[in-house]
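K.L.:
Quick one: the structure is below, and I'll ask about it shortly.
Number of protein chains: 2
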Amino acid sequence: MALESLVGYNLKRAYVILQNDYRAVMGDHGLSPRVFSALTFVVETPNLTQSDLARRLGIERSGLVAIVDELEGRGYLCRVAVPQDRRVQALSPTDAGVQAYEAALKLVHDHEDRILHTLDAVERAQLLHLLKKIRETGE
Amino acid sequence: MALESLVGYNLKRAYVILQNDYRAVMGDHGLSPRVFSALTFVVETPNLTQSDLARRLGIERSGLVAIVDELEGRGYLCRVAVPQDRRVQALSPTDAGVQAYEAALKLVHDHEDRILHTLDAVERAQLLHLLKKIRETGE
DNA sequence: TATTGTTATACTCTATAACTATA
DNA sequence: TATAGTTATAGAGTATAACAATA
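Keeping their order, the protein sequence lines are chains D and A.
Here the working numbering is used: the first residue of the first sequence is 1117, the next is one more, and so on.
Here the working numbering is used: the first residue of the second sequence is 1117, the next is one more, and so on.
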């Protein structure tokens, strides 16, 4: 079967498996992968703007609006006006946002530990390394 | 950055990079990844039914209809009635389908060789091996 | 002129539910 | 009853194009 030797096919299948398990662990009302990623950037990056965030996530600004709306609706961040440039909205995490991020990160770690239990520490590090090499190529 | 050590995040980013390059190589009227995968199974598996194919691709039967419609519309396969069980349609590749498959496979190989040029043969084999380990876990 | 955030819109991929015809 | 193929429908996720406010 020619597909078995294709990286793209195996990458997609593996990605779908991780994603399904992620959603099962996070639950119906949990943060989706992209919203969790966005929250991570907001919590870890001071003075992040929406355009910055879209660039880092590799999506369009227009697509980010709904993500930021959701995080704001959950009370996890605030859009803060920036006096120096009145076009931009800085994204500032709330205390609830930081707590939700930490709780979610713990769940994500548990999920990855479980779904990747057949990979030992060396294999997991190898996999991360190889995936990052692909990322470096494509950007 | 917590995301950098997450397999799921890096898996998705790498997958998006491969997918974008795939589409660039195959062109606007080329076979999409899922249609190419379906055609591969049809060409390589005699007497394949739609339910079989959906199961192997990991999607629902309902979602497969449009894929088979497209391949039939391109003249790459025929839905063949099976006398033994008149519920099923066997999927039989045409000569044009086999030729299109072979041409597409060549393009896909070129695409993967190019986008993965920073990985040597050993790394690529490692990556395939690790991705398959994840697939085995999740099925 | 260019950029930020935003809205409107459309497209792809996928799932669920219900139908029909067969078994 | 159960299965194969099908249709209708809806929900993510994402992209493009255009707009107002601001630089």
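C-beta: ideal position from N, C-alpha, C; glycine also.
What's the call for GLY1179 (chain D), buried or exposed, on a 16-neighbour Cβ count within 10 Å?
P.N.:
It is exposed - the Cβ of GLY1179 (chain D) has fewer than 16 other Cβ atoms within 10 Å.
K.L.:
Here's a check: name, in chain order, each residue in its chain whose Cβ is nearer than 8 Å to the Cβ of GLY1146 (chain D), leaving out the five neighbours to either side.
P.N.:
These residues qualify, in order along the chain: ARG1139, ALA1220 and LEU1223.
K.L.:
Evaluate ALA1216 (chain D) with the Cβ neighbour count: other Cβ atoms within 10 Å of its Cβ, from every protein chain shown; 16 or more gives buried, anything less gives exposed.
P.N.:
Buried, by the Cβ-count rule.
K.L.:
Tell me which same chain residues have a C-beta within less than 6 Å of the C-beta of VAL1141 (chain D), skipping the five on either side of it?
P.N.:
Excluding sequence neighbours, VAL1141 (chain D) sits near LEU1223 and HIS1227.
K.L.:
Closer than 8 Å between beta carbons: that is the criterion. Which residues of the segment 1123-1151 of chain D meet it against chain A?
P.N.:
Listed by position along the chain: VAL1123, GLY1124, TYR1125, ASN1126, LEU1127, LYS1128, ARG1129, ALA1130, TYR1131, VAL1132, ILE1133, LEU1134, GLN1135, ASN1136, ASP1137, TYR1138 and PRO1149.
K.L.:
Tell me the start and end of each unbroken beta strand (DSSP E) in the segment 1123-1147 of chain D that is at least 3 residues and wholly inside, in chain order.
P.N.:
None, since the segment 1123-1147 of chain D contains no complete beta strand (DSSP E) of that length.
K.L.:
Using a 10 Å radius around the Cβ and a threshold of 16 neighbouring Cβ atoms, would you call ALA1170 (chain A) buried or exposed?
P.N.:
Buried, because 16 or more other Cβ atoms sit within 10 Å of the Cβ of ALA1170 (chain A).
K.L.:
Counting only beta-carbon separations shorter than 8 Å, does THR1234 (chain A) have a partner in chain D?
P.N.:
So, interface residue.
K.L.:
Given that LYS1249 (chain A) touches chain D, what residues does it touch there, using C-beta distances under 7 Å?
P.N.:
What LYS1249 (chain A) touches in chain D: THR1234 and LEU1235.
K.L.:
Would you verify that the beta carbon of ARG1177 (chain D) is, or is not, closer than 8 Å to some beta carbon of chain A?
P.N.:
Not an interface residue.
K.L.:
Using the beta-carbon of each residue, which ones in chain D are nearer than 8 Å to THR1256 (chain A)?
P.N.:
Given that chain A is displayed from residue 1117 to residue 1255, the structure contains no residue 1256 (chain A) and the question cannot be resolved.
K.L.:
Tell me which residue opens and which closes the beta strand (DSSP E) that LEU1193 (chain D) is part of.
P.N.:
From DSSP, the beta strand (DSSP E) with LEU1193 (chain D) extends over 1193-1197.
K.L.:
Check whether the Cβ atoms of ALA1212 (chain A) and GLY1191 (chain A) lie closer than 8 Å to each other.
P.N.:
Closer than 8 Å, so yes.
K.L.:
Which residues in chain D have a C-beta closer than 7 Å to the C-beta of GLN1215 (chain A)? List them in chain order.
P.N.:
Near GLN1215 (chain A) there are no residues of chain D at all, since even the closest Cβ is about 15 Å away, more than 7 Å.
K.L.:
Closer than 8 Å, CB to CB, is SER1208 (chain A) near chain D or not?
P.N.:
Cβ-Cβ to chain D under 8 Å: no for SER1208 (chain A).
K.L.:
Return the first residue and the last residue of the beta strand (DSSP E) that ALA1206 (chain A) is part of.
P.N.:
Element bounds for ALA1206 (chain A): 1205-1209.
K.L.:
For GLN1166 (chain A), which residues of its own chain have a beta-carbon under 7 Å away from its beta-carbon, when the five flanking residues on both sides are left out?
P.N.:
Excluding positions up to five away in sequence, the list reads ARG1177, LEU1180, VAL1184, GLN1205 and LEU1207.
K.L.:
Using the C-alpha atoms, what's the distance from ASP1236 (chain D) back to ARG1230 (chain D)?
P.N.:
Approximately 12 Å between the Cα atoms of the pair.
K.L.:
According to the neighbour-count rule (16 or more other Cβ atoms, all chains shown, within 10 Å of its Cβ), is GLY1124 (chain A) buried or exposed?
P.N.:
GLY1124 (chain A) should be labelled buried.
K.L.:
Between THR1265 (chain D) and chain A, is there a C-beta pair that is closer than 8 Å?
P.N.:
With chain D covering 1117 to 1255 only, the question about residue 1265 (chain D) has no answer from this structure.
K.L.:
According to DSSP, is LEU1164 (chain D) part of a helix, a strand, or is it coil?
P.N.:
DSSP places LEU1164 (chain D) in strand when its eight states are reduced to three.
K.L.:
Name, please, each residue of chain D whose Cβ falls closer than 9 Å to the Cβ of ILE1231 (chain A).
P.N.:
By Cβ distance, chain D contributes VAL1123, GLY1124, ILE1250, THR1253 and GLY1254.
K.L.:
Looking at the secondary structure, which residues open and close the alpha helix (DSSP H) in which ILE1183 (chain D) lies?
P.N.:
ILE1183 (chain D) -> alpha helix (DSSP H) spans 1177-1189.
K.L.:
Is DSSP giving ARG1230 (chain A) helix, strand or coil here?
P.N.:
Residue state, collapsed to three classes: helix.
K.L.:
Which stretch, first to last residue, makes up the alpha helix (DSSP H) that contains ALA1118 (chain A)?
P.N.:
Taken as a continuous stretch (DSSP letters only), ALA1118 (chain A) belongs to no alpha helix (DSSP H), as it is neither H nor E.
K.L.:
Residues of chain D with CB under 7 Å from GLN1205 (chain A), in chain order?
P.N.:
Going along chain D, no residue has its Cβ under 7 Å from GLN1205 (chain A), so there is no contact; the nearest lies around 22 Å.
K.L.:
Would you say ARG1202 (chain D) faces chain A, with C-beta separation under 8 Å as the test?
P.N.:
Chain A, which has no Cβ nearer than 8 Å to the Cβ of ARG1202 (chain D), makes this no.
K.L.:
Would you mind stating whether ILE1250 (chain D) and ILE1133 (chain A) have Cβ atoms separated by less than 8 Å?
P.N.:
Yes, they are a contact pair.
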